[in-house]
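The structure appears below as structure tokens.
Number of protein chains: 2
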Amino acid sequence: MAQPPSKDSAPTPDPLQDQPEDQPDATGSDRPGQPLVAPDVADARQRFIEGWGHYGPTWGVNRTMAQIHALLLLAPEPLDAEQVMSALNISRGNANMNLRALVDWGLVGKQLKLGERREFFVAEKDIWQVTKRIARERRKRELQPMLELLGEIKEVGADSPDPHAQALHQSVGRIRRFAGAADKVLDSVLRADETWFFKIFMRLFK
Amino acid sequence: MAQPPSKDSAPTPDPLQDQPEDQPDATGSDRPGQPLVAPDVADARQRFIEGWGHYGPTWGVNRTMAQIHALLLLAPEPLDAEQVMSALNISRGNANMNLRALVDWGLVGKQLKLGERREFFVAEKDIWQVTKRIARERRKRELQPMLELLGEIKEVGADSPDPHAQALHQSVGRIRRFAGAADKVLDSVLRADETWFFKIFMRLFK
DNA sequence: CAAAAGGTTCAGAAGCTTCTGAAAACGCTG
DNA sequence: CAGCGTTTTCAGAAGCTTCTGAACCTTTTG
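For the record, the sequence lines run as chains Y and F.
Here our numbering = 1-based position in the first sequence + 10.
Here our numbering = 1-based position in the second sequence + 10.
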């Protein structure tokens, strides 16, 4: 995180490869430049999981959590902890911890099958829901505390002649107005029904 | 990053205090519950810088970078490296590195005063510009590579009877459509003129 | 051109986060 | 209530990121 903006002029920023994961490519296909020969399913899965894991951290979930989420997104049916562990080559503790975190975030649901003691996990597959969940969390954890702080100091320096005090007061004011607006926007969007939201946006930005 | 959603029911999530920074409170004011006695300017500055630094990482800039940015946001006039170093108690190397990163991100500008060899730094004070810069960077670095990956694997499994292949194909399709829409929205917003954007939004979400 | 002032670099230190593996706890079922 | 399959916990290990401080480089000026 926080490298400076890519200065390199390479048009393709970076192949999403992360850790090559010594699980060998289950296929042997060596995808050529042309998309004529479609890469095989297992390969695509792998690439998706790596990509999702790669960008997870910038959404606020760590890499393993994101990989588990990706795995579950692609699973046609619920998986148990054991399956997650072996698919991603992670330890029991790690799997348990991150699965729980995913459940806490509301990105993954626990499912109990009758007559089964194991717990199974299913990902929320509706990406819009996923986005809303994350946005909601981050609003609560980041935007709102910041707003509160800004509210507390918004009057400071209002009527001081000192340029430092004035600069403070003005900056805080500007930021507060902006953050307040953003908060309102977010709130509306998060409350809004998906189709309503999309209808408006699709019209505006098509 | 990536703690699970706050389960604690405490309504005030967390005082933005981060590192108490043994620079003693420059004021001695002990702000009471009521905002009658406004906290003093130096105290407010400090709190703002700490808060900004605290949330920086979730925006993609690290803590020190965010603190420097905050410091510059509140400064009535350009600061040089020395001032940044002593205000935040960081080393020369650290200051240099993070200042440069801020310049690369486009969040801070270098300013040369005539007859001065030192470089001075000014923050972009327009928060909407700041937001756009960050959004633009992240779009380029995260959204677009992901879209490219999704494009490459979008056909995989399309006509396979295997449920794994089908699940893959469907998930990838859903995510790709969503990401594509998000990308278009972002693009429009980023191109758009500030006032235009705000006009529409303020109308929609007031 | 020597000294001074400022900027840059980088190897190692410090600090955080995440992961592992093993032990403990849990909760059925016979 | 013993045994078993499963989940949870946690101390230490591993790995990453960031920070420091000192050496190095560059530019200006007496």
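Even glycine gets a Cβ: it sits at the ideal position worked out from N, Cα and C.
Per DSSP, what kind of secondary structure is residue i in: helix, strand or coil?
{"i": "Ser181/Y", "result": "helix"}
{"i": "Val71/Y", "result": "coil"}
{"i": "Asp169/F", "result": "coil"}
{"i": "Gly38/F", "result": "Low local confidence applies: a pLDDT of 37 at Gly38/F is under 50, so the model's placement there is unreliable, and no value is given."}
{"i": "Asp90/F", "result": "strand"}
{"i": "Lys209/F", "result": "helix"}
{"i": "Lys164/F", "result": "coil"}
{"i": "Ala192/F", "result": "helix"}
{"i": "Asp203/Y", "result": "coil"}
{"i": "Glu31/F", "result": "Residue placement at Glu31/F cannot be trusted, given a pLDDT of 38 that sits under 50; the coordinates are not used to answer."}
{"i": "Asp197/F", "result": "helix"}
{"i": "Ala80/Y", "result": "helix"}
{"i": "Asp50/Y", "result": "coil"}
{"i": "Ala85/Y", "result": "coil"}
{"i": "Leu26/F", "result": "In this predicted model, Leu26/F has a pLDDT of only 39, less than 50, meaning its place in the structure is not dependable; the value taken from the coordinates is given anyway. If DSSP states are grouped into helix, strand and coil, Leu26/F belongs with coil."}
My understanding is that residue i touches residue j, with C-beta atoms under 8 Å, so please give their C-beta distance in whole angstroms.
{"i": "Ala105/Y", "j": "Leu153/Y", "result": "The Cβ separation is near 32 Å, so there is no contact."}
{"i": "Lys135/Y", "j": "Ser181/F", "result": "7 Å"}
{"i": "Ile137/F", "j": "Asn108/F", "result": "Their Cβ separation, rounded to whole angstroms, is 20 Å, which puts Ile137/F and Asn108/F out of contact at 8 Å."}
{"i": "Arg149/Y", "j": "Leu196/Y", "result": "5 Å"}
Look at residue i and residue j and say whether their C-beta atoms are less than 9 Å apart.
{"i": "Ile163/F", "j": "Leu83/Y", "result": "no"}
{"i": "Ala133/Y", "j": "Val118/Y", "result": "yes"}
{"i": "Trp62/Y", "j": "Ala80/Y", "result": "yes"}
{"i": "Ala54/F", "j": "Gly167/Y", "result": "yes"}
{"i": "Tyr65/F", "j": "Ala52/F", "result": "no"}
{"i": "His179/F", "j": "Glu158/F", "result": "no"}
{"i": "Phe130/Y", "j": "Lys123/Y", "result": "yes"}
{"i": "Gly103/Y", "j": "Thr68/F", "result": "no"}
{"i": "Glu128/Y", "j": "Glu92/Y", "result": "The displayed chain sequence assigns Arg, not Glu, to residue 128/Y. Cβ distance < 9 Å, so Arg128/Y and Glu92/Y count as in contact."}
{"i": "Trp115/F", "j": "Arg143/F", "result": "yes"}
{"i": "Leu112/F", "j": "Arg146/F", "result": "no"}
{"i": "Leu160/F", "j": "Phe58/Y", "result": "yes"}
TODO: Please specify which runs of the alpha helix (DSSP H), each continuous and at least 4 residues long, are wholly inside the stretch 96-158 of chain F, giving them in chain order.
DONE: Listed in chain order, they are 102-115 and 137-148.
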